[in-house]
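Some notes on the structure that comes next.
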Amino acid sequence: MAEILKGKPVVDAMVGRMQGETAALLERGVIPTLCIFRVGERKDDLSYERGAMKRCEAVGVRVQSVVLPESVSQSEFDEAFLAVNRDPSIHGILWFRPLPKHLDTERARRMLDPRKDVDGCTDASLAGVFTNAKVGFPPCTAQAAMELMHHYGVDPKGKKAAVIGRSLVIGRPVAMLLMHENATVVNCHTKTADVPSITKQADILIAAAGVLKSVTPEFTNPDQVVIDVGINWDEQKGGISGDVDFDSVEPVVRAISPVPGGVGSVTTCVLVDHVIQAAKRTLA
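The opening residue of the sequence shown carries number 0 in numbering that gives the first Met the number 0; numbering runs sequentially from there.
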């Protein structure tokens with residue numbers, strides 16, 4: 000039986016640390032503050048927002064919300080976004096994307112101050128991931144995968160790692176984070192020939208393709224650690240499942256993260272941690 004790498008113990012440890020860091024900032028007169036910037040009332044946005052606000056409250060991070068109607072004009076959006084961007088009391092901005100089609104998502108991404116980019120979407124933040132420089136922050140999901148491994152003592156140093164997926168949200172950033180910790184990484188994607196022959200040689204497998212139960216036992220080996228980042232609607236189950244066929248893979252590998260209850264549960268915690276770190280950087 001594999002070790003199950005659950006997210007809750009990771010979250011509990013991070014919350015304890017963040018509470019101490021927030022208290023230290025408050026002693027220096029700094030209140031770590033997140034602005035949640037939302038257009039419209041999409042259910043998935045509202046769900047993530049509630050989770051982020053709950054996590055902020057637990058560690059003493061202040062939250063401000065800017066909510067615009069879905070009919071907002073580009074000029075009105077720009078004005079509101081820039082006001083938040085320029086506010087020195089706000090340390091991090093979480094903005095939900097994609098925006099409605101009549102608004103320019105790319106324009107907003109370019110406007111965002113990298114110092115407040117707590118979800119790693121600006122060019123400067125992504126460049127920081129690739130150069131290992133503290134400019135902005137890595138995408139939260141990529142960092143959450145690393146936090147999960149750190150908590151359970153999975154050391155990438157000297158290991159072979161395979162990442163399935165090459166998006167800028169998880170695939171490529173997590174590959175770079177693994178390399179910064181001295182793993183040898185292969186990034187597999189839709190044009191990679193015979194993916195199982197590559198992944199079965201890996202000590203660490205990160206599944207991040209966004210394809211339901213696409214990773215089966217033939218992709219794995221008995222000494223492997225499998226981190227499942229996929230979040231897919233499973234019609235048969237009537238709920239959320241990952242990229243890994245958990246029931247068939249779990250008996251084969253050394254350790255595996257579940258979906259739900261794995262990386263996803265750590266992601267909002269990483270977001271809040273980034274706000275705290277952004278606040279700390281203003282004192283440097």
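Even glycine gets a Cβ: it sits at the ideal position worked out from N, Cα and C.
In this text the structure is predicted, and so the values were computed from the model without any measurement.
Query	Result
At least 3 beta-carbon pairs within less than 8 angstroms: the segment 264 to 279 vs the segment 19 to 30	yes
C-beta contact flag for Pro-221 and Val-194 at 8 angstroms	no
Three-way DSSP call (helix, strand, coil) for Ala-206 in this model	strand
CB of Leu-33 within 8 angstroms of CB of Val-58, strictly	no
Expected contact under 8 angstroms - CB spacing of Pro-87 and Val-274 to nearest Å	In fact, because the Cβ distance is near 14 angstroms, the residues do not count as touching under 8 angstroms.
The segment 181 to 188 in contact with the segment 133 to 152 per 3-pair CB rule at 8 angstroms	no
Terminal residues of the alpha helix (DSSP H) in which Asp-272 lies	262 to 280
Best match in Ala-144, Leu-125, Asp-77, Arg-37 for proximity to Gln-63 [C-alpha to C-alpha]	Arg-37
Contained alpha helix (DSSP H) runs [length at least 4] in the segment 41 to 81, N- to C-terminal order	42 to 58
Among Pro-99, Met-17, Gln-73, nearest to Met-110 - alpha-carbon criterion	Gln-73
Beta strand (DSSP E) runs contained entirely in the segment 90 to 115, provided each spans 3 or more residues	91 to 94
Between the CA atoms of Ala-207 and Ile-169 - distance to the nearest angstrom	7 angstroms
C-alpha distance - Asp-242 paired with Tyr-151, whole-angstrom precision	21 angstroms
Candidates Asp-103, Val-71, Arg-108, Leu-67: closest to Asn-84 by CA position	Arg-108
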